[in-house]
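Notes to accompany the following structure.
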Amino acid sequence: MTIDYKVAASAAKALLNLYSFNIAVDSIQVQETKREFEGDLTVVVFPFLKISKTSPENTAIALGELIVKDLEDVIGFNVVKGFLNLEIANSYWIQFLNNSIDLPSYGFKKRNSKNEVMVEYSSPNTNKPLHLGHLRNNFLGYSVAKILEANGHKVQKVQIINDRGIHICKSMISWKNYGEGETPESSGLKGDKLVGKYYVKFDQVYKSQVAALIEEGNDKETAEKKAPIINAARELLQKWESKDPETLALWQMMNSWVYEGFEHTYREMGVNFDKLYYESNTYLNGKDEIKKGLNSGVLFKKDDGSVWCDLTQDGLDEKLVLRGDGTAVYMTQDIGTAILRYQDYPDLAYQIYTVGNEQEYHFKVLFLILDKLGFSKAKSNYHLSYGMVELPEGKMKSREGTVVDADDLLEDMIATAKSISETQGKLSDLSEEEKSDTYKKIGYGALKYFLLKVDPKKGMMFNPEESVDFQGNTGPFIQYTYVRAKAVIKKAGKEAQPSTNNLLLSPAEKKVIKTLHNYPSVIKEAARLYNPGVLSNYIFELVKDYNSFYQSTNILKEENLDLVGLRLNFSGLTARVIHSGMKLLGIDMPEKM
RNA sequence: GGGCCAGUAGCUCAGCUGGAUAGAGCACCUCCCUUCUAAGGAGGCGGUCAAAGGUUCGAAUCCUUUCUGGCUCACCA
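Numbering of the first sequence is given in the numbering used here, commencing with residue 20 and proceeding in unit increments.
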């Protein structure tokens, strides 16, 4: 039981004794005392005035006296207006530290197998390389998965790979026509980059063909339909659907290039998946489910053969779930995939989809239809919607060449970390391998932290020139503090020992310990909101508190050895909490920097 | 036009279910390394919380309206 709860419960009891009024413990506001005031925890008494029928001050004093009497850990109080500031005994904070020394995963909840959750993220098309937007998506999805695990959930990390459809055929036809047999090996290009190159080529050819047709007197719409290369792509899609061996072979070959390229990028990013779903495997499943839905009357067919779901009762429109020609749309395969996942993981409580906010309507509809089809768990599904990453010039446009390529950016981060590290010259006694490992941890730490510290649902600005800093509220600053704390402990060379309870704490020391004390509730809150930013902000606060203490106090030169031990204890816990918290963000810690 | 989201310091962002004088980082200005790592610390400058109403002991936070920006409402994904 946390001290906050104890205080709230005690306040409730006091209200009952004083005014014979029964109040829910949860409804009592207990908050941290603001820095300008004296005390540790504050009870807001304004809401009780109606019950007490006396002034805020008198109410607060009456409550304070009873709480101090009731709780051993509360040793005093003061009242400012309607705020009852309580002083918590040092022994409470020290005891908390002592209790945490041996906890292997402080702040984490025990695994509860009933709460299995699936988190989907990444899910790129297989015709373009990954870019900055995918980085936000992957870091976000991965981090949320980790945060849920820390909260006791069993988590399945998955992605759906859009390996099928007209967009793939565009790359295929383009490669067929202009590729001259080029492969990743022959060109030295990363597989996804090679396929992306032919996707771009398709677009160029297509545009020039459309332009030529318009020149010949066609209107825009017909020109777009008549362009030979788009028709060739459609033909290829037909062949693919009819399982033409040559087409399938080409498709498999080009996809395998892409997967190899993606695999490399995922490894660099430090993300992974428990299971991969491929659209080419799930879209038929979707069609089956549509059939079932028709039979059960949840869905209906129009005269042209297209299948729809009527959502007008829910305040939405009718939604197409299968084309008139029987081919699948996005919704078809998403229905199929979702249901397949419930079958693959029967204990799944719900699914989380990490997908950009432009698809909010789609997921709203998807969850509704799934529910109507009899998958009531879908009501608990969550669309982890995030805002676009924008550049100073505006949105990323492949046409204008403003797309920030994921591999390039990752490489740049390492280069920046390297150049800063070399200027500082603190890594000189490391091997080359250790150095490059450190550069990577720092550079990627900066990027991940930058992308994760912002509330997911908000759009964010990314200025390649100056955005990713290494000072202030950044990954490297946090890593630096971690390295510092570890260095002190290493120098002290002592095992952690429980501290005596009667030590005096400086304000800086107490602040660090109190912030450490909050870690479990922060993990909970980050999970509740599906927001790694909550965790980032917390780690930053902890790190600032620790640095402030560190700078003002020489830990090892203190003569009182009990005090040295205590400082080492919370330095150790600080390092562990930083390490653990950053791990939940997918960020690794260097041991030196 | 309907729906969803956002608007907080010059810039990038925190601010939880309403609580004390709205906070950080960057940038700018002062200081602090013969010391456990200065990628750091201490301080200063900087705000009509988009605007107007309302709800109440109390509003950046809740409600209404307006303005601005983003996304969305496809037999696209």
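Note that the Cβ used here is the ideal one computed from N, Cα and C, for glycine as well.
Check: Any idea which residues DSSP pairs residue 125 with across the strands?
Finding: Residue 125 is not bridged to any residue.
Next item on the list: Report all residues from its chain with a CB closer than 6 Å to the CB of residue 290; omit the five preceding and five following residues, and keep chain order.
Entry: If you ignore the 5 residues before and after residue 290, its C-beta comes within less than 6 Å of the C-beta of 157, 161, all in its own chain and listed in chain order.
Note to self: For a quick check, are the C-beta atoms of residue 190 and residue 229 less than 8 Å apart?
What the structure shows: Taking 8 Å as the Cβ cut-off, residue 190 and residue 229 do not qualify as a contacting pair.
Next item on the list: State the beta-bridge partners of residue 415 as determined by DSSP.
Entry: Paired residue(s): none; residue 415 is not in a bridge.
Next item on the list: With DSSP as the reference, please indicate the residues paired to residue 347 in a beta bridge.
Entry: In DSSP, residue 347 forms a bridge with 341.
Next item on the list: Taking 8 Å as the threshold, find out whether the region 96-107 comes into contact with the region 75-87 through three or more Cβ pairs.
Entry: Taking 8 Å as the limit for Cβ pairs, the verdict is that the region 75-87 does touch the region 96-107.
Next item on the list: With a 10 Å radius around its C-beta and 16 neighbouring C-beta atoms as the bar for buried, classify residue 588 as buried or exposed.
Entry: Under this definition residue 588 is a buried residue.
Note to self: Please state the DSSP three-state secondary structure of residue 271.
What the structure shows: Of the three classes helix, strand and coil, the one that applies to residue 271 here is helix, per DSSP.
Checklist line | Supposed contact pair residue 267 and residue 246 - C-beta distance, whole angstroms, cut 8 Å | finding: The beta carbons of residue 246 and residue 267 sit about 25 Å from each other, so the pair does not count as a contact at 8 Å.
Notebook entry, point to check: If you draw a straight line from the C-alpha of residue 90 to the C-alpha of residue 32, how long is it?
Noted result: Rounded to the nearest angstrom, the gap between the Cα atoms of residue 90 and residue 32 is 11 Å.
Notebook entry, point to check: Where does residue 491 land, buried or exposed, given buried means 16+ other C-beta within 10 angstroms?
Noted result: Exposed is the call here.
Item checked: Helix, strand or coil at residue 401 [DSSP, three-state] -> In the structure shown, residue 401 falls within a strand segment according to DSSP collapsed to helix, strand and coil.
Margin query: Using a Cβ distance threshold of 8 Å, determine whether the region 137-152 contacts the region 367-376, with at least three qualifying pairs required.
Written below: Touching, yes, given that three or more Cβ pairs across the two stretches are closer than 8 Å.
Next item on the list: Quick one: grab the DSSP three-state call for residue 139.
Entry: DSSP places residue 139 within a strand segment (E or B) once states are collapsed to three.
Next item on the list: Would you give the residue range spanned by the alpha helix (DSSP H) that residue 83 belongs to?
Entry: Element bounds for residue 83: 75-89.
Check: Under the DSSP definition of a beta bridge, which residues are partnered with residue 479?
Finding: In the DSSP assignment, residue 479 forms a beta bridge with 408.
Margin query: Would residue 507 and residue 574 qualify as a contact pair, given that the criterion is a beta-carbon distance under 8 Å?
Written below: A contact, by the Cβ cut-off of 8 Å.
Next item on the list: Could you tell me which uninterrupted alpha helix (DSSP H) segments, each at least 4 residues in length, are contained entirely in the region 139-191, listed from first to last along the chain?
Entry: Taking 4 residues as the shortest admissible run, the region 139-191 contains the following complete alpha helix (DSSP H) segments, listed from N- to C-terminal end: 151-169.
Item checked: Residue of 59, 431, 528 minimising C-alpha distance to residue 485 -> Ranking the options by Cα distance to residue 485, first place goes to 431.
Item checked: residue 316 classed as buried or exposed, judged by whether at least 16 other C-beta atoms fall within 10 angstroms -> Classification of residue 316: exposed, given that the 10 Å Cβ count is below 16.
Next item on the list: Tell me whether residue 56 is buried or exposed, calling it buried when 16 or more other Cβ atoms sit within 10 Å of its Cβ.
Entry: Residue 56 counts as exposed, since fewer than 16 other beta carbons sit within 10 angstroms of its beta carbon.
Next item on the list: Please state if the CB of residue 404 and the CB of residue 384 are separated by a distance shorter than 8 Å.
Entry: Taking 8 Å as the Cβ cut-off, residue 384 and residue 404 do not qualify as a contacting pair.
Check: Do you know how far the Cα of residue 129 is from the Cα of residue 59?
Finding: If you take the alpha carbons of residue 59 and residue 129, they lie about 29 Å apart.
Next item on the list: For residue 257, name the three-state secondary structure that DSSP assigns.
Entry: The answer is helix: DSSP assigns residue 257 an H, G or I state.
Notebook entry, point to check: Just the Cα atoms here: how many angstroms apart are residue 271 and residue 258?
Noted result: If I take the Cα positions, the gap works out to 14 Å.
Next item on the list: Take the Cβ of residue 500 as the centre, count every other Cβ of all protein chains shown within 10 Å, and call the residue buried at 16 or more, exposed below.
Entry: In the assembly as shown, residue 500 is a buried residue. Its beta-carbon has 16 or more other beta-carbons within 10 Å.
Checklist line | Within 8 Å, strictly: CB atoms of residue 476 and residue 406 | finding: In this structure, residue 406 lies closer than 8 Å to residue 476 by Cβ.
Next item on the list: Return the chain-ordered list of same chain residues with a C-beta closer than 6 Å to the C-beta of residue 557, the five sequence neighbours on each side being excluded.
Entry: Excluding positions up to five away in sequence, the list reads 541.
Note to self: For residue 375, report the span of its beta strand (DSSP E) as first-last.
What the structure shows: Secondary structure note for residue 375: its beta strand (DSSP E) is the uninterrupted segment 367-375.
Notebook entry, point to check: In or out: residue 462 buried (at least 16 other Cβ within 10 Å) or exposed?
Noted result: Taking a 10 Å sphere around the C-beta of residue 462, we find 16 or more other C-beta atoms and assign the residue as buried.
Next item on the list: Mark residue 307 as exposed unless 16 or more other C-beta atoms lie within 10 angstroms of its C-beta, in which case mark it buried.
Entry: Around the beta carbon of residue 307, fewer than 16 other beta carbons sit within 10 angstroms, so the residue counts as exposed.
Checklist line | Rounded straight-line distance, which links the Cα of residue 386 to that of residue 400 | finding: CA-to-CA, the gap between residue 400 and residue 386 works out to about 7 Å.
Check: Should residue 543 and residue 41 be called a contact, given that it needs their Cβ atoms to be closer than 8 Å?
Finding: Inclusion of residue 543 and residue 41 in the CB contact set at 8 Å is not warranted, their separation being larger than that value.
Checklist line | Among 453, 590, 604, 549, nearest to residue 514 - alpha-carbon criterion | finding: That would be 590, whose Cα lies nearest to the Cα of residue 514.
Check: Of all the options 285, 276, 351, which has the alpha carbon lying nearest to the alpha carbon of residue 312?
Finding: Answer by Cα proximity: 351.
Next item on the list: Mind checking who residue 499 pairs with in its DSSP beta bridge?
Entry: In the DSSP output, where bridge partners are listed per residue, residue 499 has none listed.
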